[in-house]
Amino acid sequence: MSSGAAPSLAAERWARARRHAVLGVALAGVVATAAQSWRWFVAYHRNVVDDALISMVYARRLATGDGLVFNPGERVEGYTNFLWTLTMAPVYWLSRLFSGDFVEWCVATSILVSALDVALVVVIGRRLWGDRVLPIIAAVGLCVLDNSYTVWAMMALESHYVALWALATLAVWTSELRHRALLTGLCLAAVPMARPDGALFVGAFALSEGLHALAPLLRRDRALARRRLGALLLAGSVAALLFGAYFAWKWRYYGWPFPNTYYLKLGSSRFDGLVRGIGYVKTFVEERGELPLVAVLALPFVRNPTVRTLALWVPAHVAYVAKIGGDFYPGHRFLVQLIPALALLTGHALFGFGDFLRRPRVALWVARAHARAALASLSALYVAGGLGQLWQLGLSKGPYALEIRAWRHKVDEQRRYMSWLAERSNPDDYMCTGDIGSAGLYAKLRVIDYYGVIDAFVAHQDNPSLGRGKAGHEKMADVGYVLSRRPKYIKWGYLPGIFWNDGYYFDTSIPLDVGMPGLWVRDDLRGRGKVDEAASFRFSAQPYAGWTATGNAFEVWPTNRPAPGQMPISYAEGFFVSSFHPVLGDRATGTLKSAPFPLTGDRLLLMIAGGHDPDNLRVSLLVDGDRRFSETGARSETFGRREWDVSALRGRQAELEIVDHVDGNWGHILVDEVVQWVADAGKGG
Numbered sequence: 008m009s010s011g012a013a014p015s016l017a018a019e020r021w022a023r024a025r026r027h028a029v030l031g032v033a034l035a036g037v038v039a040t041a042a043q044s045w046r047w048f049v050a051y052h053r054n055v056v057d058d059a060l061i062s063m064v065y066a067r068r069l070a071t072g073d074g075l076v077f078n079p080g081e082r083v084e085g086y087t088n089f090l091w092t093l094t095m096a097p098v099y100w101l102s103r104l105f106s107g108d109f110v111e112w113c114v115a116t117s118i119l120v121s122a123l124d125v126a127l128v129v130v131i132g133r134r135l136w137g138d139r140v141l142p143i144i145a146a147v148g149l150c151v152l153d154n155s156y157t158v159w160a161m162m163a164l165e166s167h168y169v170a171l172w173a174l175a176t177l178a179v180w181t182s183e184l185r186h187r188a189l190l191t192g193l194c195l196a197a198v199p200m201a202r203p204d205g206a207l208f209v210g211a212f213a214l215s216e217g218l219h220a221l222a223p224l225l226r227r228d229r230a231l232a233r234r235r236l237g238a239l240l241l242a243g244s245v246a247a248l249l250f251g252a253y254f255a256w257k258w259r260y261y262g263w264p265f266p267n268t269y270y271l272k273l274g275s276s277r278f279d280g281l282v283r284g285i286g287y288v289k290t291f292v293e294e295r296g297e298l299p300l301v302a303v304l305a306l307p308f309v310r311n312p313t314v315r316t317l318a319l320w321v322p323a324h325v326a327y328v329a330k331i332g333g334d335f336y337p338g339h340r341f342l343v344q345l346i347p348a349l350a351l352l353t354g355h356a357l358f359g360f361g362d363f364l365r366r367p368r369v370a371l372w373v374a375r376a377h378a379r380a381a382l383a384s385l386s387a388l389y390v391a392g393g394l395g396q397l398w399q400l401g402l403s404k405g406p407y408a409l410e411i412r413a414w415r416h417k418v419d420e421q422r423r424y425m426s427w428l429a430e431r432s433n434p435d436d437y438m439c440t441g442d443i444g445s446a447g448l449y450a451k452l453r454v455i456d457y458y459g460v461i462d463a464f465v466a467h468q469d470n471p472s473l474g475r476g477k478a479g480h481e482k483m484a485d486v487g488y489v490l491s492r493r494p495k496y497i498k499w500g501y502l503p504g505i506f507w508n509d510g511y512y513f514d515t516s517i518p519l520d521v522g523m524p525g526l527w528v529r530d531d532l533r534g535r536g537k538v539d540e541a542a543s544f545r546f547s548a549q550p551y552a553g554w555t556a557t558g559n560a561f562e563v564w565p566t567n568r569p570a571p572g573q574m575p576i577s578y579a580e581g582f583f584v585s586s587f588h589p590v591l592g593d594r595a596t597g598t599l600k601s602a603p604f605p606l607t608g609d610r611l612l613l614m615i616a617g618g619h620d621p622d623n624l625r626v627s628l629l630v631d632g633d634r635r636f637s638e639t640g641a642r643s644e645t646f647g648r649r650e651w652d653v654s655a656l657r658g659r660q661a662e663l664e665i666v667d668h669v670d671g672n673w674g675h676i677l678v679d680e681v682v683q684w685v686a687d688a689g690k691g692g
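Residues in the sequence shown are numbered consecutively from 8, following our numbering.
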């Protein structure tokens, strides 16, 4: 072997080792992204945020033949991620085919997309930097270790999908594919179809590549300029044709040019969200230890059209997000799609620094100072330190801390609540709520959206102070509008007011583990019958003959106010029975039994509150000494209505028995308004 062959062989081995290292980093990044995102999904108790569920409802409606709607028959564009929603429609059928959970399948799809983003970062990075390992490690690490990137990957929303099509555009355009212009046009059209603000990327790409195409004219190379412009015009024409067709269909289908959320969040005579938006961008940078600012160091290298596209897109999108006031979710969802772009710019800044060190004069100085190894070590330490800080800040200030840990139990409760409601409701029933995604997906209900995301009437109202409150929660449905639509259910905590006089009753017979005191339910008995007052108990201060008490829980009854030490009581009207003793409180026990009374109605309706123990803390209906019906409280001092069907017992004598055999916490029961409802002839019970 000649003496010149040895260095050549060593160089080849070194190049192969670097290629393998880059591929190893790419594979590790893809696997780590998927694994970490799934870990967050499990930590979130296999839930996603409600906004993701909204898109899933649209996808399910589309897959089952109702069209791209939330409520069947109501065409409102309550999503801003058309292509992502379209993608989830076949995912729904696949989940059904393999007996899987639709939400989990959507999450898996979203995580796959986020992993593909990392792979595309490596593909684009290699075209920019060759097999330089440090820039690749930095770019991949900035994605994998970013808490927002991996958490929002499992939330099954569109941010990573937007990034996928943007990165695919760059990867295809810089490839040697035969039909790269045509394929680039397809990818370009997909970016704003995945999310409307993706148009900013399209603009950045067109400007950057337009400058690149025209650059040969400075050298009087018209042939090269013509070739570049021809390819760019073909890509642009394909994108314009596809997006134009989609936009025309959308406008015709929904009746408005922009998504309903545009009118909801930005539609105001005096919108001003800039202050809120600047704060949103500021915290995005701060929660990454100012690391995104390193991407600015790539600006000296914007002569590369790919780098220039990214350098134009990032500030344009940041300015747009600041202008619209950001978002209310933790983790800067509206900026997540920029993370791969920032990673590439940061990697390019490192690459540029390496190239700077290789310039003849600088390289001579480095070699003379024996500092090459030291500089390489310092660069590696800087990258490692920055990535470590990114990880730590993400855990303490990112969506893991502020969403997953803070809200996972509430989201669990919400899912249980809506799943319980699905078992007792009809899919044609309407519910007024702000948690429209879970109501539509888990409860399978139609929804009157309190916050107007899927309600054009609410979204098109004017709000002169729009932009100064909580993003996406500034326009709200008013009571008159909601009640005019007569929903079957009104979720507690949204629409303000007490709705007894509007034809609703408060139902507290909900599971204890859902974190809700009750639910307003439309009273469908109204107008179909009347109350038999003679056979009912509306408690007053007058004594009740024939009622017998044991123990000390009912020494003082009825009452019209909470006893000393008792929490405030809600929805009580006048006098009621309470086993909470004025002196002993919950320690008092005993029973209270009514005099016999005739059952004359079809339904026996009663109001109940207090502790929960079906056996030892209850109100029961006794017929011939047998307990036929029984109810207990819901660990709440809010009165709710319960209903017993006594039509089969009409004409029989009955007794009401109130029992308190519990002397611990919540060891009391409250009862009010035990009335008998009689159906009108021909209207049934």
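Glycine included, each C-beta is placed from N, C-alpha and C at the ideal position.
Check, Outcome
"Which whole-angstrom value is the C-beta distance of V179 and V151, which I expect to be below 8 Å?", "About 24 Å separates the two Cβ atoms, so there is no contact after all."
"What's the C-alpha gap between R23 and L349?", "28 Å"
"Which stretch, first to last residue, makes up the beta strand (DSSP E) that contains Q683?", "676-686"
"Just to check my reading of the structure: W45 and I118 have Cβ atoms closer than 8 Å, yes? What is that Cβ distance to the nearest angstrom?", "6 Å"
"Counting C-beta neighbours from all protein chains within 10 Å, is the total for V38 16 or more, i.e. buried, or is it exposed?", "exposed"
"Give the secondary structure of S577 by DSSP, where H, G and I count as helix, E and B as strand, and everything else as coil.", "strand"
"Taking the C-alpha atoms as reference points, what is the distance between F583 and Y511?", "20 Å"
"So P223 and L214 are in contact, right, with Cβ under 8 Å, and what is the actual spacing, rounded?", "Their Cβ separation, rounded to whole angstroms, is 17 Å, which puts P223 and L214 out of contact at 8 Å."
"Given this structure, state the Cα-to-Cα distance separating R535 from V685, to the nearest angstrom.", "9 Å"
"Run through DSSP, which three-state label would H467 get?", "coil"
"Please report the distance separating the alpha-carbon of V343 from that of H167.", "7 Å"
"Whole-angstrom Cβ separation of T639 and T515, contact assumed at under 8 Å?", "Their Cβ separation, rounded to whole angstroms, is 10 Å, which puts T639 and T515 out of contact at 8 Å."
"Whole angstroms are fine: how far does the CA of V288 sit from the CA of H467?", "27 Å"
"Could you pull out every residue in the same chain whose Cβ sits closer than 8 Å to the Cβ of L271, ignoring the five residues on either side in sequence?", "Y458, G459, V460, V465, A466, G479, K482"
"When DSSP builds the beta bridges, which residues end up paired with G617?", "S643, I676"
"If I follow the unbroken beta strand (DSSP E) through Q660, where does it start and stop?", "660-667"
"In three-state terms, what does DSSP make of M8?", "Low confidence applies to M8: its pLDDT is 49, below 50, so where it sits in the model is not reliable, and the reading given next is rough at best. Of the three classes helix, strand and coil, the one that applies to M8 here is coil, per DSSP."
"Report buried or exposed for D631, applying the criterion of at least 16 other Cβ atoms within 10 angstroms of its Cβ.", "exposed"
"Compute the beta-carbon to beta-carbon distance between I131 and L174, rounded to the nearest angstrom, for a pair I have assumed lies under 8 Å.", "6 Å"
"For T440, which three-state DSSP category applies?", "strand"
"Buried or exposed: Y99, going by 16 or more other Cβ atoms within 10 Å of its Cβ?", "buried"
"Could you check what DSSP says for R694 in three-state terms: helix, strand or coil?", "Given that the chain is displayed from residue 8 to residue 692, the structure contains no residue 694 and the question cannot be resolved."
"Keeping to the same chain, check which residues put their C-beta closer than 6 Å to that of L390; ignore five residues upstream and five downstream.", "Correcting the residue identity first, residue 390 is Val in this sequence and not Leu. The answer, listed in chain order, is A145."
"From this set, R634, W673, M438, which residue's C-alpha is nearest A641's C-alpha?", "W673"
"How long is the line joining the alpha carbons of V301 and A206, rounded to whole angstroms?", "25 Å"
"How far does the beta strand (DSSP E) with A170 in it reach, from first residue to last?", "Per DSSP, A170 belongs to no beta strand (DSSP E); it is in the alpha helix (DSSP H), 166-180."
"Is the region 289-298 in contact with the region 400-417, if contact means three or more CB pairs nearer than 8 Å?", "yes"
"Would you report the Cα separation of E410 and Y501, rounded to the nearest angstrom?", "21 Å"
"Quick one, are the C-beta atoms of D138 and R283 less than 9 Å apart?", "no"
"Does DSSP put T94 in a helix, in a strand, or in coil?", "helix"
"Could you tell me which of L149, G332, F308, L345 sits nearest to V321, measuring between CA atoms?", "L345"
"What does the alpha-carbon distance come out to for the pair I676 and S585?", "6 Å"
"Could you tell me which residues DSSP puts in a beta bridge with R415?", "BP columns for R415 are empty, so no partner."
"Name the two residues that bound the continuous alpha helix (DSSP H) containing I461.", "No alpha helix (DSSP H) contains I461, which DSSP labels as neither H nor E."
"Suppose the cutoff is 6 Å on Cβ atoms and the five residues either side in sequence are ignored; what does the same chain contact list for Q683 look like?", "D539, A542, S543, T607, G608, L611"
"What is the C-beta distance between P518 and R422, in whole angstroms, given that I count them as a contact (C-beta under 8 Å)?", "With a Cβ gap of about 12 Å, P518 and R422 do not count as contacting."
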